[in-house]
Amino acid sequence: MRFARLISAVLLTSLLTAGAMAVRAQATFREHNSAMASLQPTLITPLIAPDPRLVQYDRFSVSHSFTAAGSETVNYGNGKGGGVIVGNRFEFDFIPPPYIQHNSDADDGFGDISALAKFRIASGNAESGNFDVAAVLSHCFATGSNKNGSMTDSFSPALTAGFAFRRRFDVISSLGSTMPTGKIHTQGRSIAWNALAQTRATPHIWFEVENNASFYFAGSHDGKMQNFVLPAAFYVVRPKSWKPTHPYFIVDAGMQIATSGFHTYNHNLITEARLLF
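Under mature numbering (1 follows the signal peptide of the UniProt record, and there is no 0), the letters of the sequence shown match residues -22 to -1, 1 to 255, in that order.
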């Protein structure tokens, strides 16, 4: 009987300890975003350009664009997914395959799966320079169906940086490349340069204007470039009882408008919902 009581006590203690550790781990996990606020500026993740900050999030996006022939392409997922912060230097993202609807003779289907790692090189909050610099490396796995993905896997390294002026205005820029692992003569390579400015109009409303440029080398677009201007707006949904350790939502929308003679699509309307936790 005493042995049974001892076993019961040990089991109960183990369960309580495990439960306490799980609660603490969950609390620590949810505190990652608020903890990073002391290390990096207060920005908002751009609609398209990479974010120089480390952010823990889930993100769902839908885009509606038009081809040169006038057909509408709808992309459910639009290359967005979720990310988690590990320590105070790394962020790891997983981007599930989008579903692409062509509304033309092209076959609908799923796109590619991607994964991303981000390393915070240097940063400072409002009292320490209000800047952020990060290196990003993503890998695209050629898993698309019905020719809705890449021919081969590819790697995309990038360098991104941001600077905030006080708490209402900031600028972000990034330079990156997409490098397929094969069939270069067909797919080619590209360099992407993004530059943007953001402003916080109210505690809940942000606006931004992005410039998205791509330069192509080899492949069917060799020597060409395409450029888009993207105005966007963000609305931050937080209750009055919100605290920095609480999750919150962001809804946002914007449209890419082609400003170059060559462009593979135009009038790309993007709508999103984000959960930061």
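We put the CB at the ideal spot given by N, CA and C, even for glycine.
Since the model is a prediction, treat every value here as computed from it, not as a measurement.
1) Buried or exposed: which applies to Ala5, given that a residue is buried once 16 or more other Cβ atoms fall within 10 Å of its Cβ?
2) Figure out for me which residue from Glu250, Asn246, His241 has the closest Cα to the Cα of Ala46.
3) If we ignore side chains and look at the alpha-carbon of each, how far apart do Phe206 and Ile248 end up?
4) Leaving out five residues on either side along the sequence, give the residues of the same chain with a beta carbon under 8 angstroms from the beta carbon of Phe195.
5) Assign Ala(-3) to one of two classes, buried (16 or more other C-beta atoms within 10 Å of its C-beta) or exposed (fewer than that).
6) Going by DSSP, name the residue or residues bridged to Leu174.
7) In chain order, what residues of the same chain lie with their CB nearer than 6 angstroms to the CB of Phe126, ignoring the 5 residues before and after it?
8) Considering Cα atoms alone, identify which of Pro222, Val64, Gly57, Asp110 is closest to Ser92.
9) For a test of the three-state rule: what should DSSP assign to Met129, helix, strand or coil?
10) Tell me the rounded alpha-carbon separation between Ala(-1) and Gly65.
11) Tell me, which residues are paired with Gly87 by DSSP?
12) If we count the other Cβ atoms within 10 Å of its Cβ and call it buried at 16 or more, is Leu(-11) buried or exposed?
13) By a C-beta neighbour count over all protein chains shown, 10 Å radius and 16 as the cutoff for buried, is Asn190 buried or exposed?
14) Out of Ala173, Glu50, Asn11, Ser101, which has the shortest C-alpha to C-alpha gap to His80?
15) Tell me the DSSP secondary structure of Ser134 in three-state form.
16) With H, G and I counted as helix, E and B as strand and the rest as coil, what does DSSP make of His163?
17) Using alpha carbons as the reference points, say which of Phe133, Val111, Gly232, Thr177 lies closest to Ile22.
18) Residues bridged to Gln34 by DSSP?
19) What residue from Arg145, Met157, Pro217 has the CA that sits closest to Ala120's CA?
20) Let me check understanding here. Comparing Cα to Cα, which of Ala95, Ser106, Ile183 lies closest to Cys118?
21) Work out the CA separation of Pro19 and Lys221 for me, nearest whole Å.
22) Ends of the beta strand (DSSP E) at Ser106?
23) Would you decide whether Arg98 is buried or exposed? Buried here means 16 or more other CB atoms lie within 10 Å of its CB.
24) Please name the residue, chosen from Met233, Leu254, Phe133, that lies closest to Ser43 on a Cα-to-Cα basis.
Checking against the coordinates, here is how it stands:
1) Confidence at Ala5 is low in this model, with a pLDDT of 47, below 50, so the placement of that residue should be treated as unreliable; the coordinate-derived value is given next. Counting Cβ neighbours within 10 Å, Ala5 comes out exposed, since fewer than 16 surround it.
2) His241
3) 13 angstroms
4) Gly166, Arg167, Ser168, Ile169, Gly201
5) At Ala(-3), the pLDDT of 41 sits below 50, so the modelled position is not reliable; the number obtained from the coordinates is stated separately. Classification for Ala(-3): exposed.
6) Ile150, Glu188
7) The sequence shown places Asn at residue 126, not Phe. Cβ within range, chain order: Ile78, Gly87, Gly89.
8) Gly57
9) coil
10) With a pLDDT of 41 at Ala(-1), under the threshold of 50, the predicted position of this residue should be treated as unreliable, and no value is reported.
11) Ile78
12) Reliability of the predicted coordinates at Leu(-11) is poor, the pLDDT of 44 falling under 50, and the value obtained from them is presented with this limitation in mind. It counts as exposed.
13) buried
14) Glu50
15) strand
16) helix
17) Thr177
18) Beta-bridge pairing links Gln34 to no other residue.
19) Met157
20) Ala95
21) 18 angstroms
22) No beta strand (DSSP E) holds Ser106; DSSP gives it neither H nor E.
23) buried
24) Met233
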